[in-house]
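S.K.: For the sequence shown, the residue numbers in my numbering are 1403 to 1576.
Have a look at this one.
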Amino acid sequence: MHYLKRLSLGMLTATALLSANLHAEGTSEAEQISPRNFIEEASAKGIAEIETGRLALEKGTTQDVKEFAQTMVEDHTAANQKLKALAEQKEMEVASDAELLNQAKALILQLRGENSFDKAYMNNQVVAHKEAIELFQKATNAEDAEIAAFAKETLPRLEAHLKMAEQINAQLPD
């Protein structure tokens, strides 16, 4: 367990650096993101949603959390499949594994005690969906019309996910 705590702290430090680096590389003064950075970041976030959703299906204790987790697995799998097809058209690659940032989020959820798992997962989902919405909003302004169209098509579903996450989170005890 001590090893996991050290690993977790190391991952959190790397996560902070990676997050800052992705944000700095991915945005410009006009709040745009390059197609390559969008595809990499969006696919990694999608993989993280799928993986944490699977974890919540196993460890979640309330029906609302489990239903939300199942929705995350289904919706983000479908979105990542569309994104992968778009990336292949553009001869780009999607993330094949959740980046260190997203692996660290999953590890944090795993390290939480059973009693607070549902709250930890839903807190994570609120933050993760706010970040995803920000990313997709930037992509709606992309010079690449297909990337912008994908972002515009996906954004309402992400906003619905955020609303669901906030509602479920508000119902769970602290």
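Don't be surprised by glycine CBs; every beta carbon is placed ideally from N, CA and C.
Computed from a predicted structure; not experimentally measured.
Do you know offhand how far I1452's Cα is from F1470's?
M.R.: 11 Å
S.K.: Pull up the distance between the alpha-carbon of N1543 and that of D1466, whole angstroms please.
M.R.: 35 Å
S.K.: Counting only the same chain and skipping the five closest in sequence on each side, list residues whose C-beta sits under 7 Å from that of A1534.
M.R.: K1447 and L1560
S.K.: So, is A1572 buried or exposed, given that buried needs 16 or more other C-beta atoms within 10 angstroms?
M.R.: Classification for A1572: exposed.
S.K.: Please determine, among I1549, E1536, D1576 and H1531, the residue with the shortest C-alpha to C-alpha distance to A1567.
M.R.: H1531
S.K.: For the putative contact between T1454 and N1525, defined by C-beta atoms under 8 Å, what is the C-beta separation to the nearest angstrom?
M.R.: About 12 Å; that fails the 8 Å criterion.
S.K.: Quick test of your reading: E1442 and A1497, contact by CB under 8 Å. State the CB separation rounded to the nearest angstrom.
M.R.: 6 Å
S.K.: Tell me whether Q1483 is buried or exposed, calling it buried when 16 or more other Cβ atoms sit within 10 Å of its Cβ.
M.R.: exposed
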